[in-house]
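> Letter by letter, the sequence shown follows residues 29 to 99 of the working numbering.
Structure provided below as structure tokens; questions to follow.
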Amino acid sequence: MAGERPITLSPHRGGPMLEHRRGEIAVRVIRTAHEMGIPCVAVYLTIDKAALHVKLADESVCIGEAPSSQS
29 MAGERPITLS PHRGGPMLEH RRGEIAVRVI RTAHEMGIPC VAVYLTIDKA ALHVKLADES
89 VCIGEAPSSQ S
């Protein structure tokens, strides 16, 4: 489209990538990062501790409880 700039990807700088999303998009991001050789750290709430994106990440960090309305 007119006026839009193309997206450019900068090279990975060597540190792990922090993934804060949940669900399928998080799984896709982590899998793609692994294909590119980029390690991933997932942050999650206790309610998501068994989620696939948490298991796929190279490292996972629990950031606390989910609000009671979400559990």
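Glycine included, every Cβ here is placed at the ideal spot set by N, Cα and C.
Run through DSSP, which three-state label would C61 get?
Residue identity check: residue 61 is Ala in the sequence provided, not Cys. A61 falls in the helix class under three-state DSSP.
> Determine whether the beta carbon atoms of A70 and V82 lie at a separation below 8 Å.
yes
> Return the CA-CA distance between L73 and I58, expressed in angstroms with no decimal places.
18 Å
> Report buried or exposed for E47, applying the criterion of at least 16 other Cβ atoms within 10 angstroms of its Cβ.
Counting the other CB atoms within 10 Å of its CB gives E47 a total of 16 or more, which places it among the buried residues.
> Tell me the DSSP secondary structure of E52 in three-state form.
helix
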